[in-house]
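Worksheet for the structure shown next.
Protein chains: 2
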Amino acid sequence: MSKVRVAAFSVSLDGFGAGPHQSLENPLGVRGTELHNWFFKTKVFQSMYGDGNGVEDVDNSFAERSFKNVGAWILGRNMFGPVRGPWLNDEWRGWWGENPSYHAPVFVLTHHKREPLVMEGGTTFYFITDGIESALQKAKEAANGKDVRIGGGVQTVRQYLQAGLIDELHLVYSPIYLGTGESLLAGIDMPKLGFSVTEKVNTENATHVILSKKS
Amino acid sequence: MSKVRVAAFSVSLDGFGAGPHQSLENPLGVRGTELHNWFFKTKVFQSMYGDGNGVEDVDNSFAERSFKNVGAWILGRNMFGPVRGPWLNDEWRGWWGENPSYHAPVFVLTHHKREPLVMEGGTTFYFITDGIESALQKAKEAANGKDVRIGGGVQTVRQYLQAGLIDELHLVYSPIYLGTGESLLAGIDMPKLGFSVTEKVNTENATHVILSKKS
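Here the protein sequences line up with chains G and W, keeping their order.
Start counting at 1 in the first sequence, then tack on 822, and there's your number in our numbering.
Start counting at 1 in the second sequence, then tack on 822, and there's your number in our numbering.
See below:
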C-alpha cells in the first residue's frame, strides 16, 4: 500500500533536525551538515554527488531504501531554497543543480505562486500555495500508487506529523549535540500520535529507527 | 582529578529521562523502566538486584565504569522516594532496600530537614536543605578525592548542568519514544555550556555517549 513517509531524516541527540541560522552558506543551519556524516560516506550519496565510490554498509542500505518506491516528494519552501517572501524572479532553481536527485514530481509548499519548474532527470518542482493537505493530495495523485516522501525540512515534517498525515518515519540519530536549531519533536507526542518503534539498527555512525503506526 | 559526573543516565530518543506520573508503582514514571532495558541484562545489574548471571558486554562495561571511583552521590529528593512535602516520619528508607547499591555517602536534596539515615553496606543518606552548591561541597569533602556522581533525577541533573557544575555526562539513549515526561535537555544548550561528545559507542541496545568539557 502506498505510504506517506519521512526517510533518512537526520536528527541530533538533542533532537534538532537542522542547525540555527539557515542561509545560502549554511543551507542546513550552522553545523547542520554534521547531522549527515553517516550519509556522506555511503555509495548512495557518492553516486549522486561524489565520485561514486561510497561504502556499501548498513547506513547505505537505509539510504537506498529511502529512495525506493518514491513516486512524489513534498518539500517545505525553506528546504527548496534560501529565498524568502515573493519569488522576485525564477533564478533560484533549488540547491541540487540541473539534475536533482528527486527524479519525480516535487511539491514545494509556499505562500507565493510560481510556475512549475521542469528540471533534468524527471524532476519537476510544483509550487503549492493552498496548504499541506492540497499538496499531499496532488502528490498522491502524481505518485500513482507509489509512496509520497516528505523530504523536509523540520517545520514541514512537524506540520504533517501534527496533522496525522504521516504513516512512517525513518529517523537517523547522529551522535552530536547542536544545542540550538530546529527541534523535530519538541511538543510532539509520538506514542499519542500512534507511533512506535518497529525497527531499530545501531551502526557505528548512527542510530536508525523506523517509527510506524499500529495498524 | 576528581570529577563531578553523571553516569549511566538513560534517555529516550525524544529526550525524556523519566516518564510522566511518577509514583510508588512507577518510580521512573509511566514506561520509565523501558529506558533501562540496556541495563537490566548486564552483570552489574544482575549482581545487585538479580541472580548474578548477567551479560558482560559493552553495556555492562559502561555500567561498571559508572560505579568506579565514586566517592559520594547526590540525588534529588524525588529520586530518593515518592514522599512529597515534610517528612512525616522516618519510615521511607529509599527504593533500594536495607543495603543500597551506593556504598558511599549520598546527599539528598530536599527542602525539609531530616536526620541522616545510616544503611547497610556503607551507604548513609544525608538530607541537605541549603541548596545544590552546599550539597556539592559536602559531597566533594566526603568523596575525599574521588568523583561525585549526580545520580538524578532529571531535575537535579538539569539544575547542576545549568549551574555549570558538571564535568562529564555519560548518557545512554534507548530506542524508545515516551512522548511525554521529564525532558533532560529541553532548553539546555550543551555546546554553549562547553560540552562536546568525546566518546560514543553504539551497542545493539543503546547509544552511549560521553559528553565532556573542553579543558
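The C-beta atom is built at its ideal place from N, Cα and C for all residues, glycine as well.
This structure is a prediction, so every number in the text was calculated from the model and none was measured.
Item checked: Continuous alpha helix (DSSP H) stretch holding G:ILE954: start and end -> 954-965
- [ ] Report the rounded CA-to-CA distance for W:LEU987 versus G:SER923, giving the unit in angstroms.
- [x] 47 angstroms
Contact list for G:LEU1007 against chain W, beta-carbon separation under 7 angstroms:
Simply ASP836.
request  = Decide yes or no for the touch test of the stretch 921-940 of chain G against the stretch 949-958 of chain G: beta carbon pairs closer than 8 angstroms, at least 3 of them.
outcome  = The stretch 921-940 of chain G vs the stretch 949-958 of chain G: in contact.
Practice prompt. Check whether the stretch 993-1003 of chain G touches the stretch 848-865 of chain G, counting contact only when three or more Cβ pairs, one atom from each stretch, lie closer than 8 angstroms.
Written response: The stretch 993-1003 of chain G, when compared against the stretch 848-865 of chain G, does touch it at the 8 angstroms Cβ threshold.
Note to self: For the pair the stretch 862-871 of chain W and the stretch 835-847 of chain W, tell me if three or more CB-CB distances fall below 8 angstroms.
What the structure shows: no
Original post:
Is the Cβ-Cβ distance between G:GLY1033 and G:LEU993 less than 8 angstroms?
Top reply: For clarity, residue 1033 of chain G is Leu in the given sequence; the question names Gly instead. Yes, they are a contact pair.
Next item on the list: Excluding the 5 residues preceding and the 5 following G:PHE884 in the sequence, name in chain order all residues of the same chain whose CB lies nearer than 6 angstroms to its CB.
Entry: HIS1030
(request) Measure from the C-beta of W:PHE831 to each C-beta in chain G and report whether the shortest distance is under 8 angstroms. (result) no
Practice item. Give a yes or no on whether the minimum CB-CB distance between W:MET870 and chain G is below 8 angstroms. Key: no
**Item:** Contacts that G:TYR999 makes with chain W (C-beta to C-beta distance below 9 angstroms)
**Value:** LEU1007, ASP1011, MET1012, PRO1013, PHE1017, SER1018, VAL1019, VAL1031, LEU1033
Q) Counting pairs of Cβ atoms below 8 angstroms between the stretch 924-935 of chain W and the stretch 1007-1016 of chain W, do you hit three or more? A) Using a Cβ-Cβ distance cut-off of 8 angstroms, the stretch 924-935 of chain W and the stretch 1007-1016 of chain W are not in contact, since fewer than three pairs of beta carbons, one from each stretch, lie closer than that value.
Checklist line | DSSP bridge partner residues for W:PRO927 (one or two, in chain order) | finding: W:THR946
Pull the bridge partners of G:MET1029 from the DSSP assignment, please.
Rather than Met, the amino acid found at residue 1029 of chain G in this sequence is Thr. G:THR1029 is bridged to G:TYR995, G:ASN1024.
Assign W:ARG906 to buried or exposed, taking buried as 16 or more other Cβ atoms, counted over all protein chains shown, within 10 Å of its Cβ.
-> exposed
Self-check item: With 16 other Cβ atoms within 10 Å as the buried cut-off, status of G:TRP917
Solution: exposed
### Query
Quick one: does W:ASN1024 have its CB under 8 angstroms from some CB of chain G?
At least one chain G Cβ lies under 8 angstroms of W:ASN1024.
- prompt: What is the rounded straight-line gap between the Cα of G:GLY872 and the Cα of W:LEU983?
  reply: 41 angstroms
Here's the rule: buried if 16 or more other CB atoms are within 10 angstroms of the residue's CB, otherwise exposed. What is G:THR1020?
exposed
- Message: Let me confirm a value: G:MET823 is counted as buried when at least 16 other C-beta atoms fall within 10 Å, else exposed. Which label applies?
- Response: exposed
For W:ASN911, the nearest candidate out of W:HIS934, W:ASN891, W:HIS925 (CA to CA) | Selected option, being the one with the closest Cα: W:HIS934.
Against chain W, does G:THR978 count as a neighbour if the rule is that its beta carbon must be under 8 angstroms from one of theirs? no
If you check the beta carbons only, do G:VAL880 and G:THR1025 fall under 8 angstroms apart?
yes
- For W:ASN966, which option in W:MET901, W:TRP895, W:SER1018, W:ALA1028 has the closest C-alpha, if you only look at C-alpha atoms? W:TRP895
Check: Roughly how many whole angstroms lie between the Cα atoms of G:GLY839 and W:GLY943?
Finding: 46 angstroms
Starting from W:ASP969, trace the alpha helix (DSSP H) in both directions and tell me its first and last residue.
No alpha helix (DSSP H) holds W:ASP969; the beta strand (DSSP E) holding it covers 969-974.
* Distance between G:VAL828 and W:GLU913 (C-alpha atoms, nearest Å) -> 52 angstroms
By DSSP, does G:THR1002 sit in helix, in strand, or in coil?
In this structure, G:THR1002 counts as coil in the three-state DSSP scheme.
| request: Check W:THR855 in the structure and name its three-state DSSP category. | output: helix
Q. Is any heavy atom in the ligand FMN found nearer than 7 angstroms to the beta carbon of G:VAL994?
A. Summarising the ligand content, the structure contains no ligands, and the ligand FMN is consequently not present.
Worksheet item: Taking the beta strand (DSSP E) that W:SER832 falls in, what are its first and last residues?
Response: Where W:SER832 is concerned, the enclosing beta strand (DSSP E) stretches over 826-834.
With which residues is G:PHE838 paired in a DSSP beta bridge?
G:SER1005
When we look at the beta-carbon of G:GLU1004 and count the other beta-carbons within 10 Å, is it buried (16 or more) or exposed? Using a 10 angstroms sphere on the CB of G:GLU1004, the tally of other CB atoms reaches 16 or more, which defines it as buried.
In this structure, how does DSSP classify W:VAL766 when only helix, strand and coil are distinguished? The structure shown does not extend to residue 766 of chain W, since chain W spans only 823 to 1037, so no value can be given for it.
G:LEU958 vs G:VAL833 beta-carbon contact at 8 angstroms:
no
Within 8 angstroms, strictly: CB atoms of W:MET901 and W:GLY953
no
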